[in-house]
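Number of protein chains: 2
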Amino acid sequence: MTEPTELLARRTVLGPAYRLFYDEPLLPVRGEDVWLEDADGRRYLDAYNNVPVVGHGNARVVQAMAAQAATLCTHTRYLHPAILDYADALLAHFPPDLNRLMLACTGSEANDLALRMAQAVSGGQGIVVTHHAYHGVTQLLAQTSPSLAAVAPFVRTVPPPMVGEGETVAIAARRWEDQVAQAFADLQAAAVRPCALLVDTVFASDGIFPPAHGLLSGGAAAARAAGAVVIADEVQAGFGRLGADWWGFARTGLAPDIVTMGKPMGNGYPMAGVVATAAVVDAFAATGRYFNTFGGNPVAAAVGMAVLQELEQRRLPERAETTGQLLAAEWAHALPALGVAGIRGHGLYWGITVAEHGAAHSSTRASRVANHMRQHGVLISHSGPQGNVLKIRPPLTFGTEHVPILLDALVQALRQT
Amino acid sequence: MTEPTELLARRTVLGPAYRLFYDEPLLPVRGEDVWLEDADGRRYLDAYNNVPVVGHGNARVVQAMAAQAATLCTHTRYLHPAILDYADALLAHFPPDLNRLMLACTGSEANDLALRMAQAVSGGQGIVVTHHAYHGVTQLLAQTSPSLAAVAPFVRTVPPPMVGEGETVAIAARRWEDQVAQAFADLQAAAVRPCALLVDTVFASDGIFPPAHGLLSGGAAAARAAGAVVIADEVQAGFGRLGADWWGFARTGLAPDIVTMGKPMGNGYPMAGVVATAAVVDAFAATGRYFNTFGGNPVAAAVGMAVLQELEQRRLPERAETTGQLLAAEWAHALPALGVAGIRGHGLYWGITVAEHGAAHSSTRASRVANHMRQHGVLISHSGPQGNVLKIRPPLTFGTEHVPILLDALVQALRQT
Chain A
7 MTEPTELLAR
17 RTVLGPAYRL
27 FYDEPLLPVR
37 GEDVWLEDAD
47 GRRYLDAYNN
57 VPVVGHGNAR
67 VVQAMAAQAA
77 TLCTHTRYLH
87 PAILDYADAL
97 LAHFPPDLNR
107 LMLACTGSEA
117 NDLALRMAQA
127 VSGGQGIVVT
137 HHAYHGVTQL
147 LAQTSPSLAA
157 VAPFVRTVPP
167 PMVGEGETVA
177 IAARRWEDQV
187 AQAFADLQAA
197 AVRPCALLVD
207 TVFASDGIFP
217 PAHGLLSGGA
227 AAARAAGAVV
237 IADEVQAGFG
247 RLGADWWGFA
257 RTGLAPDIVT
267 MGKPMGNGYP
277 MAGVVATAAV
287 VDAFAATGRY
297 FNTFGGNPVA
307 AAVGMAVLQE
317 LEQRRLPERA
327 ETTGQLLAAE
337 WAHALPALGV
347 AGIRGHGLYW
357 GITVAEHGAA
367 HSSTRASRVA
377 NHMRQHGVLI
387 SHSGPQGNVL
397 KIRPPLTFGT
407 EHVPILLDAL
417 VQALRQT
Chain B
7 MTEPTELLAR
17 RTVLGPAYRL
27 FYDEPLLPVR
37 GEDVWLEDAD
47 GRRYLDAYNN
57 VPVVGHGNAR
67 VVQAMAAQAA
77 TLCTHTRYLH
87 PAILDYADAL
97 LAHFPPDLNR
107 LMLACTGSEA
117 NDLALRMAQA
127 VSGGQGIVVT
137 HHAYHGVTQL
147 LAQTSPSLAA
157 VAPFVRTVPP
167 PMVGEGETVA
177 IAARRWEDQV
187 AQAFADLQAA
197 AVRPCALLVD
207 TVFASDGIFP
217 PAHGLLSGGA
227 AAARAAGAVV
237 IADEVQAGFG
247 RLGADWWGFA
257 RTGLAPDIVT
267 MGKPMGNGYP
277 MAGVVATAAV
287 VDAFAATGRY
297 FNTFGGNPVA
307 AAVGMAVLQE
317 LEQRRLPERA
327 ETTGQLLAAE
337 WAHALPALGV
347 AGIRGHGLYW
357 GITVAEHGAA
367 HSSTRASRVA
377 NHMRQHGVLI
387 SHSGPQGNVL
397 KIRPPLTFGT
407 EHVPILLDAL
417 VQALRQT
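Going line by line, the protein sequences match chains A and B. When we follow my numbering, the leftmost residue of the first sequence carries the number 7, and every step to the right adds one. When we follow my numbering, the leftmost residue of the second sequence carries the number 7, and every step to the right adds one.
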């Protein structure tokens, strides 16, 4: 039985903490590249899902998973070449000092482990994040994610760094540096020793603010001056999402001590990782051992390698950069007349702030735009502190040929909401 | 390059927090049912790995995974029948009041989520665990796992419940009830409000003590009287490991509010779950939403269903019960003369305490036994607070035909160490 109304009723079994997208929830039954198909055979252009980074149902990834799962799936307490081959291939995309990889299964596990490492290095527990940050669902991360709930007493928040109208990057960077320094000073005044500056390098849940080059460097310096380590959360921004630089930290010229990654790493297979300096990993290891039953198993390693090969051989990060340039041009041409208050993005991660207009509604106009587009066959979402930012981040196989479909649906939705 | 020495050198990239099994680490390259094969073509009887519960490389599981991954892998923000079919099939193995399922990717995520639920229900954060418990690697769980490190100030420990020589279960249960009550009273005296009694229902890292029927009930009552909820951690004991009862809590007659599960749930595919009462899940949902990017995706649901079908249709829990009875008889016959200080277990989870004897060594005799057996083609491990307990828990496809191989290797190892 795959009627949406029937499935909705049966979802009671999952409890009320789960939420569905769209006023009319979607029931996809098949995926292929950038397309999802529902139970009625209708196709939707997927301009939202960042997990299937090399495309829904990617054949190379599925084949690698199936072949390794049929051969062997054990764990890191036995030797196996796959995890080491994968580590070498992944670390080739990092600066030389970020040369250690530890593996987990979810971005939450990666961020939680990164904070445990930061605690080991710093001896502190004070964490600075941005005002509407989201970093995961473990208890520690829920307490460190102001977009979920009130943060813990050992957490302070700062605004996401932004370059104001007519302002230089240097001035904005200095302002953010002051804000970060003040946040750590505030922790110290409360007798909380600094531990980490933890930033999503595309500031996704803050409303999507890909930082200009150099914008984060002062804040990182302020964190280090306070004795904290710098963690780049690349769960959203990593693996070419922002274009040819591969990582948000690389694009903005940040030199983190720890980098976390997740969602696209296995194209849907649960895998995540922490890349760090040897000093950080050694300090953590001195506090105890680490074992993750599934993290880094031979299947995860084979899947991760297939994803890397797809990204590299098809030059998908470079293609995201190019497609992103086309999107920027099209947005600039088509959207300003349609009640749009801001357009931010790079590569294939875009946030479009939608101005409210007309009669008051119970939902934001951005929500109505996303629902209108879903009804017309294109999937996006909306987020941000006020829920007024359209969130557009398709699989990286989304190319210039898909741009007109997305743009047409977006323009129609903005016109009619 | 798959030479063990070469791989050992390359493992620097993972850092020193990872540990390998055995003095001569194993390099398995293939797995089939209860057998692992190394790079030299040598076969090992796997009497240790509990994750591949329905056998290494299980064809039904691999096929389900590959077919669903090729078709669709999305997440719980869209409707999909697979997660609901799986939830119904899994919950059919639970008492009627445990009728909600939330999904995650690892046992750590499941236990962390369970504690967040317990916090929501109880309004407290005081946790009672056993002396040498292990519950996971998130920061919260590392602080709640005395086998890893010192516990947090909001944690108290009690001994694992044990029935002494010549003692009735009722007397032992009352003693444990008093210990649990005292632990919560101690938390309350420190102004920490009780949250949860969290127990691994086979007490694996405490040394493997499968509890007799009724042994935990008093402790659970004491926890509830203090305002705490009762969490059964079935990551080790669940899915038929202890025999026909399917769950450790069911076998001992415990009525938990929350049950967590992981390792065998996906036969190696990263999946884990929390089963709880509607009241618990509702209280948690009132504190905020929950989303796990990979947890409960259609591939996980298909894999989990294939594992359930294998367990059910091949009656593997019942078979574990029978094989366990044979093992018990063989142990009782062969081991007492060989310097064994205790044999505990049920189904296919056994702990054998090995007495030290002869000259002092830098390793425990249990460690030397496990290494001897590895050299002779049978894989087990050792654990417990003193590292002197052999840990035997093969895939549930381990049958009576494998018992002589295991027993011969064990007897030889005990004779020669």
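Even for Gly, the Cβ is constructed at its ideal location relative to N, Cα and C.
- Query: Which residues mark the beginning and the end of the beta strand (DSSP E) in which B:Trp182 is found?
  - Reply: Counting along the chain, B:Trp182 falls outside any beta strand (DSSP E), though it belongs to the alpha helix (DSSP H) covering 175 to 195.
- Message: When you compare the CB of A:Arg16 with every CB in chain B, is at least one pair closer than 8 Å?
- Response: yes
- Task: For chain A, find out if any of its Cβ atoms is closer than 8 Å to the Cβ of B:Ala285; answer yes or no.
- Result: no
- Item | Contact check, A:Leu96 vs A:Leu107, beta carbons under 8 Å | yes
- Since A:Tyr92 is in the beta strand (DSSP E), which residue starts that stretch and which ends it? Counting along the chain, A:Tyr92 falls outside any beta strand (DSSP E), though it belongs to the alpha helix (DSSP H) covering 87 to 97.
- Item | Nearest residue (CA-CA) to B:Arg320, options B:Phe297, B:Thr403, B:Ala340 | B:Thr403
- Message: Less than 8 Å between the C-beta atoms of A:Val134 and A:Ala189, yes or no?
- Response: yes
- Message: Along the chain, where does the beta strand (DSSP E) containing A:Ile463 start, and where does it finish?
- Response: Examination of residue 463 of chain A is not possible in this model, given that chain A is present from 7 through 423 alone.
- Query: Between which two residues does the beta strand (DSSP E) containing A:Met71 stretch?
  - Reply: No beta strand (DSSP E) contains A:Met71, which is instead part of the alpha helix (DSSP H) from 65 to 77.
- B:Pro217 burial status per 10 Å Cβ neighbour count (16 or more: buried): Buried is the label assigned to B:Pro217, since at least 16 other Cβ atoms lie within 10 Å of its Cβ.
- Identify the continuous alpha helix (DSSP H) that holds B:Glu407 and give its terminal residues. B:Glu407 -> no alpha helix (DSSP H), and no H or E assigned at all.
- Message: Between which residues of its own chain and A:Asp29 is the CB-CB distance below 7 Å, once the five residues before and five after are set aside?
- Response: Asn377
- Task: Can you pull the chain B residues whose beta carbon is under 9 Å from the beta carbon of A:Glu115, in chain order?
- Result: Cys111, Thr112, Ser114, Glu115, Val143, Thr144
- Item | Straight-line Cα distance separating A:Asp118 from A:Asp263 | Each residue's alpha carbon lies about 15 Å from the other.
- Query: Below 8 Å between beta carbons: does that hold for B:Val60 and B:Leu412?
  - Reply: no
- Task: Go ahead and label B:Gly330 buried or exposed: buried means 16 or more other beta carbons lie within 10 angstroms of its beta carbon, across all protein chains shown.
- Result: buried
- DSSP beta-bridge partners for A:Ile133? Per DSSP, the beta bridge partners of A:Ile133 are A:Val161, A:Ala202.
- Query: For B:Glu43, which beta-bridge partners are listed by DSSP?
  - Reply: B:Arg36, B:Arg49
- Query: In the DSSP assignment, what residue or residues form a beta bridge with B:Arg350?
  - Reply: B:Gly357
- Message: With a threshold of 8 Å between beta-carbons, can A:Tyr24 be considered close to chain B, or not?
- Response: yes
- Task: State the Cα-Cα distance for the pair A:Leu222 and A:Val235, rounded to the nearest angstrom.
- Result: In this structure, the CA atom of A:Leu222 is about 14 Å from the CA atom of A:Val235.
- C-beta atoms of B:Gly294 and A:Leu154 nearer than 8 Å: yes
- Length of the line joining the Cα atoms of B:Ala88 and B:Thr11: 44 Å
- Chain-order list of residues whose beta-carbon lies under 6 Å from that of B:Asp212 (same chain, five-residue window excluded): Excluding positions up to five away in sequence, the list reads Thr136, His138, Pro166.
- Contact set between A:Asn303 and chain B, taken where Cβ atoms lie within less than 7 Å: Gly274
- Item | Same chain, Cβ closer than 8 Å to A:Pro159, neighbours up to 5 away in sequence not counted | Ala196, Val198
- A:Leu121 burial status per 10 Å Cβ neighbour count (16 or more: buried): Burial call: buried.
- Query: Which residues share a DSSP beta bridge with A:His425?
  - Reply: The structure shown does not extend to residue 425 of chain A, since chain A spans only 7 to 423, so no value can be given for it.
- Query: Less than 8 Å separating the beta-carbons of B:Arg180 and B:Gly224?
  - Reply: yes
- Do you know offhand how far A:Ala156's Cα is from A:Gln149's? Computed Cα separation, rounded: 7 Å.
- Expressed to the nearest angstrom, what Euclidean distance is found between the alpha-carbon atoms of A:Ala110 and A:Ala340? 42 Å
- What residue does the alpha helix (DSSP H) around A:His339 start on, and which one ends it? 322 to 340
- In angstroms, rounded to a whole number, what distance separates the CA positions of A:Gln242 and A:Lys269? 7 Å
- Under 8 Å between C-beta atoms of B:Asp44 and B:Pro58: Between B:Asp44 and B:Pro58, the CB-CB gap reaches or exceeds 8 Å.
- Does B:Pro401 get closer than 8 Å to chain A when you measure Cβ to Cβ? no
- Item | Cut-off 8 Å between Cβ atoms - residues of its own chain near A:Thr82, not counting five sequence neighbours on either side | Ile89, Leu109, Phe297, Asn298, Gly301, Gly302, Asn303
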